[in-house]
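Presented below is the structure to which this report refers.
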C-alpha cells in the first residue's frame, strides 16, 4: 500500500470530486479542508481552502453525499486566553507581594507575616538608656530644652514626678491622669514637651502620628491600637505619645452617610476601649497633641480618659526671649544681649517660627562668609520671615516709588497718632514677597 501524501487542490476541483462521489473522507480544520479519495481513484491525500467569497455550507454538502467527516476546533484562541490568564495572575501576585514587602512580617513570615504585619504598631521607640540602639549617642530632651511655656511645663512636672516616684501617690490613694491632652497652635512645642517628659522621667517613649493608625485595610487601625498599648504595658513605666490626635479623634456620627462605622471610627472606638482598660497607676501615661480640640469626640475628652488638658500657647515677650536664648546655643553669636530687642520684634511668633528665624540668620551669615551671626543678620531674617524675600529684580519707577512712599508713610502717621497703637519701628519701600511693594513694621 502506497503512503498517502498531502497535495494542494483547487476548491472547485474538491467540489467536482465530491459531486462525482470520488471523496472517501474529509477533515474540516480551522483554515483548510483535508480529504482523501477512494482507493480506485487515488491513494493521495489533498487539502484545499474555501475562498472567503464562497459561503457554501461544506458540512451540509458532505451529509448530502454521505461522506463521513470530522471537525477539528480552533484551539489557538483558547491557548491565547490561557496564556493571558497566567500572565495576569502572575502580575497580580507580583503586585500583592510588592504591597506586602514592607510589612513587619514580610513575605518571609509566611501567612502569619502577611496577615499579622499590617496590624503591628508603627510607633517609634525612644529609650533614654544606653542599651537602646536608637538612643545611643543622643542626649535626651529635658525641660531645659523647652522654653516659653512655663505653665505647661509646671503641669507636666507632676507627671514626671509620678513616673519617678509613683509610690508617693499610691500611698495616699491618688491616681495620675490616664491621659494628658496638649492643645495649642501649631509650632508651639507640644511634641517637644512630650519628649521632655520622657527625658526627665528617664522612661521609654513610644511616639506615633494618629494618621499612621488608619490604612487601606479594614480593621488595621484597631489592631495597631491594641498592639501599641500592649507594647507600652510591657515597658511600663512608659509614655505613649500620639501626635495630631484629630486625625482619628473627630466627633462621630456625621462622617458616613450610610450610618455605619468607617475605619477611622473603628480606630477611635478601639482607642477609647484601650484607655478604659488600663489603670491610672499602671505606669503607662498617654500624652496626645492637637491644634483642633474643638472637633474631638466628647467621649475622648471626658474624665477618665484625657483627664487633663494643658494649653501650650504662643509665648509672650519673656517667653520668646527664653526661646531665642535656648535656640541660639548652637549658633555662633556676635552679641547675645541684643536678643531682647528681637524678642520684641517677633510678636506672635511660635517656638518653631523663632527656631526658623535663628536658622535663617545663621544661613545669611554663612552666605556672607562671616564667622558669627550679627544683629544685621537677625534683622534681615525677621524681614524675610515677616514680609518675604527681597525682590531685587522688581524695579520701581520714580512715580511708583513716590506712590508707595506716600502710602507707607500714611500707615506710619496714622499708627503713631492713634491712642494705644503700636510703635512704628521701620518703613520700607523695597518690594518683598509676592506682591508687597513696601511695608510698615510696628512693634507692640
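In the numbering used here, the protein residues as written are 21 to 464. Note that beta-carbon positions come from the ideal geometry of N, C-alpha and C, so glycine has one too.
Between 304, 319, 447, which has its C-alpha nearest residue 479's C-alpha? Absent from the structure is residue 479, since the part of the chain shown begins at 21 and ends at 464.
Let's test the definition: count the other Cβ atoms within 10 Å of the Cβ of residue 28 and tell me whether it reaches 16, buried, or not, exposed. Locating residue 28 in the chain shown gives position 8, counting from the first residue. By the 10 Å Cβ count, residue 28 comes out exposed.
Heavy atom of the ligand NAD within 7 angstroms of residue 105 beta-carbon: This structure does not include the ligand NAD; it has no bound ligands of any sort.
Contact under 8 angstroms by Cβ, residue 216 with residue 260: By one-based count along the chain shown, residue 216 stands at place 196. By one-based count along the chain shown, residue 260 stands at place 240. No, they are not a contact pair.
When DSSP labels each residue in this structure, what does residue 136 get in the three-state scheme? Mapped onto the chain shown, residue 136 falls at position 116. Confidence at residue 136 is low in this model, with a pLDDT of 45, below 50, so the placement of that residue is unreliable and no value is reported for it.
Return the first residue and the last residue of the alpha helix (DSSP H) that residue 37 is part of. What you label residue 37 is simply residue 17 of the chain shown in a count that begins at 1. Start and end: 31-39.
May I ask you to report which of helix, strand or coil DSSP gives residue 338? Position 318 of the chain shown holds residue 338. DSSP places residue 338 in helix when its eight states are reduced to three.
Nearest residue (CA-CA) to residue 242, options 366, 58, 288, 222: As a working mapping, residue 242 is identified with position 222 in the chain shown. The option with the nearest alpha carbon to residue 242 is 288.
Considering only residues of the stretch 247-323, which uninterrupted beta strand (DSSP E) runs meet the minimum length of 3 residues and lie entirely inside it, listed in chain order? 258-263, 304-310
Please confirm whether residue 57 and residue 42 have their CB atoms less than 8 angstroms apart. Numbered from its first residue, the chain shown carries residue 57 at position 37. Numbered from its first residue, the chain shown carries residue 42 at position 22. Yes; because the gap between Cβ atoms is below 8 angstroms, this pair is in contact.
Which word fits residue 174, buried or exposed, when buried means at least 16 other C-beta atoms lie within 10 angstroms of its C-beta? Position 154 of the chain shown, counted from the first residue, corresponds to residue 174. With fewer than 16 other beta carbons inside 10 angstroms of its own, residue 174 counts as exposed.
Under a three-way DSSP split, which group does residue 434 fall into? Reading the chain shown from its first residue, position 414 is the one you call residue 434. Note: residue 434 maps to helix in three-state DSSP.
Give me the Cα-Cα distance between residue 183 and residue 223, rounded to the nearest whole angstrom. The count along the chain shown starts at 1 and reaches residue 183 at position 163. The count along the chain shown starts at 1 and reaches residue 223 at position 203. Taking the straight line from one Cα to the other gives about 8 angstroms.
Quick check: the Cα distance between residue 406 and residue 362, rounded to an integer number of angstroms? As a working mapping, residue 406 is identified with position 386 in the chain shown. As a working mapping, residue 362 is identified with position 342 in the chain shown. Their Cα atoms are separated by approximately 13 angstroms.
Determine, using beta carbons only, whether residue 449 and residue 421 come nearer to each other than 8 angstroms. Your numbering for residue 449 matches position 429 in the chain shown. Your numbering for residue 421 matches position 401 in the chain shown. The answer is yes: Cβ separation under 8 angstroms.
Which term fits residue 335, buried or exposed, when burial requires 16 or more other beta carbons within 10 angstroms of its beta carbon? Residue mapping note: residue 335 aligns to position 315 of the chain shown, counting from 1. That one is buried.
Looking at the unbroken beta strand (DSSP E) that takes in residue 193, where does it start and where does it end? Taking the first residue of the chain shown as 1, we reach residue 193 at position 173. Where residue 193 is concerned, there is no enclosing beta strand (DSSP E), given that its DSSP letter is neither H nor E.
Consult DSSP for residue 445 and reduce its assignment to one of helix, strand or coil. As a first step, residue 445 must be located in the chain shown, where it is residue number 425. The answer is strand: DSSP assigns residue 445 an E or B state.
Does the distance from the CB of residue 342 to the CB of residue 168 come in under 8 angstroms? Against the chain shown, residue 342 aligns to sequence position 322. Against the chain shown, residue 168 aligns to sequence position 148. The Cβ-Cβ distance between residue 342 and residue 168 falls below 8 angstroms.
Separation of residue 179 from residue 262, as counted between CA atoms: Residue numbering aside, residue 262 sits at position 242 when the chain shown is read from its first letter. Residue numbering aside, residue 179 sits at position 159 when the chain shown is read from its first letter. Taking the straight line from one Cα to the other gives about 16 angstroms.
So, are the CB atoms of residue 309 and residue 176 less than 8 angstroms apart? In the chain shown, residue 309 corresponds to position 289, counting from 1. In the chain shown, residue 176 corresponds to position 156, counting from 1. Not closer than 8 angstroms, so no.
Beta strand (DSSP E) containing residue 28: first to last residue? As a position in the chain shown, residue 28 is number 8, starting the count at 1. Note, residue 28: beta strand (DSSP E), 26-28.
Report the partner residues of residue 145 according to the DSSP bridge assignment. Numbered from 1 along the chain shown, position 125 holds the residue referred to as residue 145. DSSP output for residue 145 lists 226 as bridge partner(s).
Let me know the alpha helix (DSSP H) ranges lying completely inside the stretch 65-112, each 4 residues or longer, listed in chain order. 78-84
Among 208, 221, 172, 170, whose alpha-carbon lies nearest the alpha-carbon of residue 186? Translated into positions along the chain shown, residue 186 becomes position 166. When each option's Cα is compared against that of residue 186, the closest is 221.
Kindly list the residues whose CB is nearer than 8 angstroms to the CB of residue 392, restricted to its own chain and excluding five residues on each side of it in sequence; keep chain order. To locate residue 392, count along the chain shown from 1; it is residue 372. 352, 353, 354, 385.
For residue 404, tell me which candidate among 68, 331, 377, 101 has the shortest Cα-Cα distance. Here residue 404 corresponds to residue number 384 of the chain shown, with the count starting at 1. When only C-alpha atoms are compared, the closest one is 377.
Alpha-carbon spacing of residue 397 relative to residue 218, whole angstroms: Position 377 of the chain shown holds residue 397. Position 198 of the chain shown holds residue 218. Rounded to whole angstroms, residue 397 to residue 218 spans 36 angstroms at the Cα level.
Could you give the first and the last residue of the continuous beta strand (DSSP E) run that contains residue 53? Residue mapping note: residue 53 aligns to position 33 of the chain shown, counting from 1. Counting along the chain, the beta strand (DSSP E) containing residue 53 begins and ends at 53-57.
Alpha carbon to alpha carbon, what distance is there between residue 325 and residue 234? Position 214 of the chain shown holds residue 234. Position 305 of the chain shown holds residue 325. Spanning the two alpha carbons is a distance of roughly 21 angstroms.
Where do the N-terminal and C-terminal ends of the alpha helix (DSSP H) with residue 174 fall, by residue? Numbered from its first residue, the chain shown carries residue 174 at position 154. 170-184 is the span of the alpha helix (DSSP H), which, as asked, contains residue 174.
List the whole-angstrom C-beta distance separating residue 53 from residue 68, where the pair is believed to meet the contact cut-off of C-beta under 8 angstroms. Locating residue 53 in the chain shown gives position 33, where the first residue counts as 1. Locating residue 68 in the chain shown gives position 48, where the first residue counts as 1. Going by Cβ atoms, the distance from residue 53 to residue 68 rounds to 5 angstroms, so yes, they are a contact pair.
So, is residue 296 buried or exposed, given that buried needs 16 or more other C-beta atoms within 10 angstroms? By one-based count along the chain shown, residue 296 stands at place 276. Residue 296 should be labelled exposed.
At what residues does the alpha helix (DSSP H) containing residue 460 begin and finish? The residue you call residue 460 lines up with position 440 of the chain shown. No alpha helix (DSSP H) contains residue 460, which is instead part of the beta strand (DSSP E) from 459-463.
Within this structure, are the beta carbons of residue 206 and residue 328 separated by less than 8 angstroms? In the chain shown, counting from the first residue as 1, residue 206 sits at position 186. In the chain shown, counting from the first residue as 1, residue 328 sits at position 308. Contact flag unset, no.
What are the residues that DSSP puts in a beta bridge with residue 331? Within the chain shown, numbered from 1, the residue matching residue 331 stands at position 311. Answer is 203, bridged to residue 331.
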